[in-house]
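J.:
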Amino acid sequence: MKTRDLTELAGRNLREALLRNSLTTLGIAVGVASLVAMLSLGVGLQQLASKRLSRSGLFDAVFVSSRLNQRGFGRPTRPDPATAAPPKVLDAEARQKISVLPDVVEVYPEIRFPTEIQFEGKPFSTTVAGIPASAKSDGAFDGMKGAFFSGPNVDEAILQIEFAKDLSTQPDSLIGKDLTLRYAERQPLPAEPSAGKSKAGADGTTPHSAETDLSPGFSIVPREKIFRVVGVVETEPATGFGGFGRGRLLIPLQVAETLRITQANDLREILRGTSSKGNYDSLTVRVKGPSQVKSVEDAIQAMGFTTFSLLDATKSLRQVFAVFDLLLGIFGSLALAVASLGIINTLVMAILERRREIGILKALGAADRDIRRLFFAEAAVMGLVGGILGVVLGWLIGSALTFGTNVYLRRQELPPIDLSSIPWWMVAGAIGFSVAVSLAAGIYPASRAAKLNPVEALRYE
Amino acid sequence: MTETIDEIAIRTEQVSRSYQMGDALVRAVDDVSIAIRSKEFVALLGSSGSGKSTLLNLIAGLDRPTSGAIFAHGRNLAEMSSEDLAQHRSHTIGMVFQAFNLLPRMTLEENVELPLRLAEVERADRAGRVRESVDRVRLAARLTHRPSELSGGEQQRAALARALVNRPTILLADEPTGNLDSATGDAILHLLREINESLGMTIVMVTHDRDRAARFAHRIVTMADGKLIRDGTRP
Chain A
287 MKTRDLTELA GRNLREALLR NSLTTLGIAV GVASLVAMLS LGVGLQQLAS
337 KRLSRSGLFD AVFVSSRLNQ RGFGRPTRPD PATAAPPKVL DAEARQKISV
387 LPDVVEVYPE IRFPTEIQFE GKPFSTTVAG IPASAKSDGA FDGMKGAFFS
437 GPNVDEAILQ IEFAKDLSTQ PDSLIGKDLT LRYAERQPLP AEPSAGKSKA
487 GADGTTPHSA ETDLSPGFSI VPREKIFRVV GVVETEPATG FGGFGRGRLL
537 IPLQVAETLR ITQANDLREI LRGTSSKGNY DSLTVRVKGP SQVKSVEDAI
587 QAMGFTTFSL LDATKSLRQV FAVFDLLLGI FGSLALAVAS LGIINTLVMA
637 ILERRREIGI LKALGAADRD IRRLFFAEAA VMGLVGGILG VVLGWLIGSA
687 LTFGTNVYLR RQELPPIDLS SIPWWMVAGA IGFSVAVSLA AGIYPASRAA
737 KLNPVEALRY E
Chain H
3 MTETIDEIAI RTEQVSRSYQ MGDALVRAVD DVSIAIRSKE FVALLGSSGS
53 GKSTLLNLIA GLDRPTSGAI FAHGRNLAEM SSEDLAQHRS HTIGMVFQAF
103 NLLPRMTLEE NVELPLRLAE VERADRAGRV RESVDRVRLA ARLTHRPSEL
153 SGGEQQRAAL ARALVNRPTI LLADEPTGNL DSATGDAILH LLREINESLG
203 MTIVMVTHDR DRAARFAHRI VTMADGKLIR DGTRP
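Protein chains in written order, with the working numbering: chain A, 287 to 747; chain H, 3 to 237.
#1: Where does residue 29/H fall in DSSP's three states?
#2: From residue 442/A to residue 397/A, what distance separates their C-alpha atoms?
#3: Using a Cβ cut-off of 7 Å (strictly closer), state whether residue 88/H contacts chain A.
#4: At the level of alpha carbons, what is the spacing between residue 63/H and residue 710/A?
#5: Would DSSP call residue 394/A helix, strand or coil?
#6: Against residue 287/A, what residues of chain H qualify as contacts under a CB-to-CB distance less than 7 Å, listed in chain order?
#7: Over the uninterrupted alpha helix (DSSP H) stretch that includes residue 644/A, give me the two end residues.
#8: Taking residue 116/H as the query, report the chain A residues whose CB atoms sit under 8 Å from its CB, ordered along the chain.
#9: May I ask which residues mark the beginning and end of the alpha helix (DSSP H) holding residue 131/H?
#10: According to DSSP, simplified to helix, strand and coil, what is residue 167/H?
#11: By the DSSP assignment, the alpha helix (DSSP H) with residue 465/A in it spans what residues?
#12: List the endpoints of the continuous alpha helix (DSSP H) containing residue 704/A.
#13: Just curious, the alpha helix (DSSP H) that residue 686/A is in, first and last residue?
#14: Which runs of the beta strand (DSSP E) fall wholly inside the stretch 162–221 of chain H and span at least 3 residues, in chain order?
#15: Check for me: the alpha helix (DSSP H) holding residue 736/A runs from which residue to which?
#16: Just to confirm, does residue 382/A get its C-beta within under 6 Å of one of the non-hydrogen atoms of the ligand NAP?
#17: With 16 other CB atoms within 10 Å as the buried threshold, where does residue 496/A fall?
#18: Mind listing which residues of the stretch 731–742 of chain A have their C-beta closer than 7 Å to chain H's C-betas, in chain order?
#19: Output yes if chain H places a C-beta closer than 7 Å to the C-beta of residue 653/A; else output no.
#20: For residue 64/H, which residues in chain A fall below 9 Å Cβ to Cβ?
#21: Quick check: what's the CA-CA separation for residue 470/A versus residue 464/A?
#22: CB residue 126/H to CB residue 92/H, shorter than 7 Å?
#23: Which residue marks the beginning of the beta strand (DSSP E) containing residue 511/A, and which one marks its end?
#24: Determine which residues share a DSSP beta bridge with residue 572/A and list them.
#25: Can you round the beta-carbon distance between residue 10/H and residue 95/H to whole angstroms, since I take them to be within the 8 Å contact cut?
#26: Within 7 Å (strictly less), CB to CB, does residue 18/H reach chain A?
#27: Run the CB neighbour count on residue 103/H, radius 10 Å, all protein chains shown included, and call it buried at 16 or more, exposed below.
#28: Report yes or no: is there a C-beta of chain H within less than 7 Å of the C-beta of residue 704/A?
#29: Excluding five sequence neighbours on each side, which residues of the same chain lie with their C-beta closer than 8 Å to the C-beta of residue 457/A?
#30: Quick one, which residues of the stretch 50–84 of chain H are near chain A if we go by CB-CB under 9 Å, in chain order?
#31: Between which two residues does the alpha helix (DSSP H) harbouring residue 448/A extend?
#32: Which residues in chain H sit within 9 Å of residue 246/A, going by Cβ to Cβ distance?
#33: Can you confirm whether residue 4/H, when its beta carbon is compared against all beta carbons of chain A, has any partner nearer than 7 Å?
#34: Identify whether residue 526/A lies in helix, strand or coil by the three-state DSSP scheme.
#35: Which residue from 164/H, 123/H, 153/H, 147/H puts its Cα closest to that of residue 136/H?
#36: Tell me the DSSP secondary structure of residue 536/A in three-state form.
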């Protein structure tokens with residue numbers, strides 16, 4: 287029999303016992319729905335977690351420090367001293383070398399300093415952080431009021447909401463206003479009074495690397511700079527490593543670098559006599575993706591620096607979610623297994639009811655194969671319709687859960703989240719799985735129907 | 003025995019069909035050899051349980067013999083695969099039954115079309131074939147009716163139209179008048195005769211009605227206890 291005739295006959299047979307077949311199909315739909323709802327919850331939570339984590343910039347970043355400065359990151363890697371490269375100073379040259387490594391997107395120093403600002407004549411203390419231009423795309427600034435910096439070298443500032451509230455009862459009204467940043471600039475002392483370089487770098491525009499002054503010391507000069515507020519952000523974008531205090535006043539990183547702010551490690555650098563070279567306390571290296579972190583880390587270690595990344599943490603996190611998904615999937619599959627028993631039952635009942643019809647079809651020239659395919663087609667149609675219904679139902683369940691959660695979150699004054707997520711692969715997979723399970727459930731009834739002896743079947747009343 | 007294969011439509015050679023019923027072996031058809039010529043109208047006569055329906059089912063390819071051979075147009079059904087037997091039922095055989103065996107949920111037209119679907123006849127050709135078949139049994143006005151809306155005689159004519167639609171060469175009728183009153187039964191038998199004469203179709207009809215067999219068939223073959231006991235051509 288041709289497929290079209292087969293489908294027509296199967297559809298007709300399904301319509302004839304409408305109630306029973308609808309209930310069976312509904313059973314499949316409920317099974318698929320529970321599977322989809324559970325998996326979508328798993329995927330949704332995973333996406334939520336990984337979105338939040340990737341926004342934090344922790345999982346595609348390598349944190350580099352000099353081995354000379356063994357402080358900081360809790361768990362510095364300790365390569366074999368015999369093979370490791372000698373400790374090096376983390377200077378502009380090293381930054382340049384790291385930035386040209388494969389898979390490295392961006393290398394930037396961590397610039398964060400406590401200081402004071404003047405706004406409408408009143409002083410406020412705060413922490414200023416330099417934000418790299420790439421931060422715009424990492425999602426932390428989604429939903430911010432106002433706009434991101436218009437360029438990498440503009441004197442613009444973004445306020446963190448809590449700090450904005452300190453400045454004004456209406457934080458949104460701050461956008462477009464100017465504030466004055468007061469900071470301590472590091473000015474190199476002239477090496478020789480006659481060198482005529484007493485002003486070198488004092489204008490605050492010369493990059494550190496261009497420093498030619500070999501002075502062993504520097505002076506600290508108070509300075510002021512006016513910034514225009516362009517945005518207010520609710521979340522706290524991480525500018526470097528989590529746990530290191532965060533900036534409440536954000537300015538473009540390149541601007542922050544040119545300010546030559548006095549940093550904590552400057553004093554130590556003086557003792558080493560390297561201060562004038564403009565060394566970094568640490569650098570953050572952004573990598574294309576978490577999978578490239580390891581190779582970049584290795585390359586930087588080979589250069590003689592200490593690195594740290596949260597790669598291992600991501601791995602175990604993924605493992606947790608994989609197990610979580612598996613468990614949810616197993617519970618969902620149980621529902622589908624019950625539904626497939628329903629299909630088997632419906633089709634076996636159909637054989638008993640349609641014995642005579644099967645006999646007639648065989649007498650009219652139907653081969654065993656035709657009868658088998660007819661029953662399979664009926665099972666497949668129930669699986670397909672049940673699968674589609676199930677996906678819709680599962681989506682509704684997921685949406686209801688998301689809605690309920692968001693009502694709760696709103697009461698707690700927390701931002702809404704997407705609790706469940708149904709990607710296309712899950713839609714296709716669920717429908718495919720439903721059809722496959724239905725076909726598997728149809729194997730026994732179909733082969734039983736095909737083997738029916740036509741003479742006995744025709745005698746059956 | 004000078005007949006060629008073309009002239010012999012059906013030949014059985016020492017065909018037996020037995021069933022195991024508990025401890026007893028029931029010989030429903032016991033060592034039957036018979037040859038039926040093309041275009042012949044044969045009545046298979048016998049009382050209930052004589053094995054005539056079993057023999058008909060063997061010729062139809064619905065059942066397989068325990069031993070012996072059955073040739074339809076020279077091909078041995080006993081050696082065919084079940085797939086080939088289905089082809090045989092689809093293309094060579096048309097069947098009508100005492101209980102009509104129309105599918106109750108389908109209209110007359112859909113019932114008649116069913117063998118065409120099974121034989122994978124092109125859709126474009128189907129309507130014409132159905133029409134031709136229904137016209138032959140004079141039921142054109144009833145195409146959209148369901149079997150429950152037809153009289154017994156009409157249902158049997160519908161079944162006949164369905165049996166003819168694939169243009170088989172052999173028509174097998176199992177007690178076709180069993181559920182009909184005598185006038186309607188006679189009308190069906192007249193129709194069978196007409197089909198036999200105008201289409202040259204070989205007909206084997208199982209009946210227990212000796213009188214009717216004598217009036218309509220060319221040849222009466224009588225069975226009892228699974229054996230062929232008399233084979234007589236009508237004078």
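Every residue gets a Cβ at the ideal spot worked out from N, C-alpha and C, and that includes glycine.
T.: Taking the geometry as given:
#1: One-based indexing of the second sequence puts residue 29/H at position 27. Strand, per DSSP.
#2: Position 156 of the first sequence, counted from the first residue, corresponds to residue 442/A. Position 111 of the first sequence, counted from the first residue, corresponds to residue 397/A. Roughly 16 Å separates the two Cα atoms.
#3: Counted from its first residue, the second sequence places residue 88/H at position 86. With 7 Å as the cut-off, residue 88/H counts as an interface residue toward chain A.
#4: Taking the second sequence and counting its residues from 1, one reaches residue 63/H at position 61. Taking the first sequence and counting its residues from 1, one reaches residue 710/A at position 424. Near 51 Å, if we compare the C-alpha coordinates of residue 710/A and residue 63/H.
#5: Reading the first sequence from its first residue, position 108 is the one you call residue 394/A. Here residue 394/A sits in strand by DSSP.
#6: Within the first sequence, numbered from 1, the residue matching residue 287/A stands at position 1. In chain order: 119, 120, 122.
#7: The residue labelled residue 644/A in the question sits at position 358 within the first sequence. It spans 641–649 - the alpha helix (DSSP H) in which residue 644/A sits, taken as one unbroken run.
#8: On the second sequence, position 114 is the one that residue 116/H refers to. Result: 647, 650.
#9: By 1-based counting over the second sequence, the position of residue 131/H is 129. Element bounds for residue 131/H: 125–138.
#10: Taking the first residue of the second sequence as position 1, residue 167/H is located at position 165. Coil, per DSSP.
#11: What you label residue 465/A is simply residue 179 of the first sequence in a count that begins at 1. Unbroken run through residue 465/A is the beta strand (DSSP E), 464–474; no alpha helix (DSSP H).
#12: What you label residue 704/A is simply residue 418 of the first sequence in a count that begins at 1. Premise fails: residue 704/A is in no alpha helix (DSSP H) and is neither H nor E.
#13: On the first sequence, position 400 is the one that residue 686/A refers to. Residues 654–697.
#14: 172–176, 204–209
#15: Here the question's residue 736/A lines up with position 450 in the first sequence. 710–737 is the span of the alpha helix (DSSP H), which, as asked, contains residue 736/A.
#16: Among the ligands in the structure shown, none appear at all, so the ligand NAP cannot be discussed.
#17: Reading the first sequence from its first residue, position 210 is the one you call residue 496/A. Any reading at residue 496/A is ruled out, since the residue's pLDDT is 44, under 50, leaving its predicted position unreliable.
#18: 740, 741
#19: Counted from its first residue, the first sequence places residue 653/A at position 367. So, interface residue.
#20: Position 62 of the second sequence holds residue 64/H. Correct list: 645, 648, 649, 739, 740, 741, 744.
#21: Position 184 of the first sequence, counted from the start, is the residue given in the question as residue 470/A. Position 178 of the first sequence, counted from the start, is the residue given in the question as residue 464/A. Cα to Cα, the separation comes out at about 20 Å.
#22: By one-based count along the second sequence, residue 126/H stands at place 124. By one-based count along the second sequence, residue 92/H stands at place 90. Contact: no.
#23: Here residue 511/A refers to the residue found at position 225 of the first sequence. Looking at the DSSP string, the run of the beta strand (DSSP E) that includes residue 511/A is 504–519.
#24: Position 286 of the first sequence holds residue 572/A. Answer by DSSP bridge pairing, in chain order: 347/A, 392/A.
#25: On the second sequence, position 8 is the one that residue 10/H refers to. On the second sequence, position 93 is the one that residue 95/H refers to. With a Cβ gap of about 16 Å, residue 10/H and residue 95/H do not count as contacting.
#26: Position 16 of the second sequence, counted from the first residue, corresponds to residue 18/H. Closer than 7 Å: no.
#27: Here the question's residue 103/H lines up with position 101 in the second sequence. Buried: at least 16 other Cβ atoms inside 10 Å.
#28: Taking the first sequence and counting its residues from 1, the one referred to as residue 704/A is at position 418. Closer than 7 Å: no.
#29: For this step, residue 457/A is matched to residue 171 along the first sequence. Only 431, 445, 447, 450, 451, 518 meet the Cβ criterion.
#30: 55, 56, 59, 62, 64, 65, 84
#31: Within the first sequence, residue 448/A is the residue found at index 162, counting from 1. Where residue 448/A is concerned, the enclosing alpha helix (DSSP H) stretches over 447–453.
#32: The structure shown does not extend to residue 246/A, since chain A spans only 287 to 747, so no value can be given for it.
#33: Reading the second sequence from its first residue, position 2 is the one you call residue 4/H. Confidence at residue 4/H is low in this model, with a pLDDT of 46, below 50, so the placement of that residue should be treated as unreliable; the coordinate-derived value is given next. Residue 4/H does not count as touching chain A.
#34: Position 240 of the first sequence, counted from the start, is the residue given in the question as residue 526/A. No answer about residue 526/A holds up, because its pLDDT of 46 lies below 50 and its placement is not dependable.
#35: Taking the second sequence and counting its residues from 1, one reaches residue 136/H at position 134. That would be 164/H, whose Cα lies nearest to the Cα of residue 136/H.
#36: By one-based count along the first sequence, residue 536/A stands at place 250. DSSP places residue 536/A in strand when its eight states are reduced to three.
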